[in-house]
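Here's the structure, in structure tokens; my notes come after.
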Amino acid sequence: NAVIAFPQQAFQPARPPYGSTFPGRPDSRYCDGKLIIDHLADAFKVPLLSPFLGGFGQLVEKGSGMAVERRDYRNGVCFSVALATALSVPELLLEGVKVLDVKINPLTSDVQYEWFQTFRRASLVSAAFAGKLGQDFPRPEAFEDALYLPGEFGGNDYRAALLSGLSFERVKGMVPSVVGKIVQLTQNLYETGARNFLVMGVPPQGCTPFYLTMLNGSRDEFNCHLQVNEIYRLHDSNLKIAIKGLRQKLQDTNLMFADYYEAFMSVMRHPLKY
Numbered sequence: 001n002a003v004i005a006f007p008q009q010a011f012q013p014a015r016p017p018y019g020s021t022f023p024g025r026p027d028s029r030y031c032d033g034k035l036i037i038d039h040l041a042d043a044f045k046v047p048l049l050s051p052f053l054g055g056f057g058q059l060v061e062k063g064s065g066m067a068v069e070r071r072d073y074r075n076g077v078c079f080s081v082a083l084a085t086a087l088s089v090p091e092l093l094l095e096g097v098k099v100l101d102v103k104i105n106p107l108t109s110d111v112q113y114e115w116f117q118t119f120r121r122a123s124l125v126s127a128a129f130a131g132k133l134g135q136d137f138p139r140p141e142a143f144e145d146a147l148y149l150p151g152e153f154g155g156n157d158y159r160a161a162l163l164s165g166l167s168f169e170r171v172k173g174m175v176p177s178v179v180g181k182i183v184q185l186t187q188n189l190y191e192t193g194a195r196n197f198l199v200m201g202v203p204p205q206g207c208t209p210f211y212l213t214m215l216n217g218s219r220d221e222f223n224c225h226l227q228v229n230e231i232y233r234l235h236d237s238n239l240k241i242a243i244k245g246l247r248q249k250l251q252d253t254n255l256m257f258a259d260y261y262e263a264f265m266s267v268m269r270h271p272l273k274y
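Residue numbering for the sequence shown follows UniProt numbering, starting at 1 and increasing by one per position.
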């Protein structure tokens, strides 16, 4: 979605070596292979999800002319955007983030939720037609049966704050607002009829070359940035508690929390197991 929205910015995943393992060429994924949603699609034996901003069809060369290649959204759709934040741009400004000085994607969680609402309305209208129009969209009851992944959000909020020069303690103070935004997004989806959720935590990004290069600070036994990881660990801890509370409130849901942080650290602690 980011590459489609901002083609003039030549986002990194549109260039090599991204996509070198899968699909063998750059394909707008911030990795060399498949993302979590791709592995989930494989597990459910459905095609990889199309980006929402891809539209409901695109012109492609066919023989000596052009033809419309229809997008197939019957099995789901991807609204995620690279570098997107949970907090809106005004909310980031209130937190002290210098949104004009650091790379902020304005297509935040609020915007992505509006995309979902647009997609849902289009799908419901499409269902009224018995012809080809309805074949590209999920059936109406799928919106209740579907698995929703509201995240992983938070990492880009903290990245922007740290690059703005905010102290580690000040960034920790953002955690309740960011977690609250994720919880609100989940509740908003619930109110539209969603009932199955997999809420993602954030990995220990203090172990990534980006933070190890950009920020000075203490290192742990794995050479990860201690102060940065404290922020992400606090985020996951607070989010886990918030999801537990939300599960008690919304008792007719299947609400799961994916502890990305501990899963990542398990690999770091026991590499031979993996």
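C-beta: ideal position from N, C-alpha, C; glycine also.
Cα-Cα separation between residue i and residue j, rounded to whole angstroms
i	j	result
glutamate 95	glycine 151	21 Å
arginine 159	glutamate 91	15 Å
aspartate 236	threonine 118	30 Å
glycine 134	phenylalanine 116	Residue confidence is low: glycine 134 scores 48 on pLDDT, short of 50, so the model does not pin down where it sits. No coordinate-derived value is stated.
leucine 189	alanine 263	26 Å
isoleucine 231	proline 17	30 Å
serine 20	arginine 74	28 Å
aspartate 72	aspartate 259	31 Å
threonine 186	histidine 270	33 Å
valine 214	arginine 121	What sits at residue 214 in the sequence shown is methionine, not valine. Cα to Cα, the separation comes out at about 43 Å.
arginine 219	aspartate 157	22 Å
cysteine 224	asparagine 216	11 Å
phenylalanine 52	glutamine 112	9 Å
glutamate 191	isoleucine 241	21 Å
6 Å CB neighbourhood of residue i in its chain, flanking five on each side removed
i	result
methionine 268	Phe222
proline 138	Arg74, Ser123
Per-residue burial, residue i [other beta carbons within 10 Å of its own, 16 or more giving buried]
i	result
isoleucine 243	buried
asparagine 254	exposed
leucine 162	buried
glycine 131	The predicted model places glycine 131 with a pLDDT of 49, which falls under 50 and marks its position as unreliable; any figure quoted below should be read in that light. Looking at its Cβ environment, which holds fewer than 16 other Cβ atoms inside 10 Å, glycine 131 is exposed.
serine 80	buried
proline 176	exposed
leucine 226	exposed
serine 266	exposed
phenylalanine 197	buried
Close beta carbons around residue i, own chain, < 8 Å, minus the five adjacent residues each side
i	result
proline 47	Ala41, Asp72, Asn75
arginine 15	Pro26
leucine 35	Arg29
Same chain, Cβ closer than 7 Å to residue i, five either side skipped, listed in chain order
i	result
aspartate 27	Gly19
aspartate 32	Pro17, Tyr18, Gly19, Ser20, Thr21
isoleucine 37	Leu49, Cys78, Leu149
Proximity below 7 Å, CB of residue i to CB of residue j
i	j	result
glycine 155	valine 202	yes
lysine 172	leucine 234	yes
valine 102	valine 89	no
tyrosine 30	alanine 82	yes
proline 204	tyrosine 261	yes
alanine 127	proline 140	yes
Residue from the options whose Cα sits closest to the Cα of residue i
i	options	result
leucine 124	Lys45, Phe143, Asp110	Phe143
threonine 108	Leu87, Pro23, Phe197	Leu87
valine 179	Leu239, Ser167, Arg25, Arg247	Leu239
isoleucine 182	Val199, Ser266, Ile36	Val199
phenylalanine 257	Pro106, Ala84, Tyr148	Tyr148
isoleucine 104	Asp252, Tyr211, Ser164	Ser164
asparagine 229	Ser126, Tyr113, Thr208	Thr208
CB contact below 7 Å: residue i versus chain B
i	result
leucine 100	The displayed structure is made up of one protein chain only, and chain B is not part of it.
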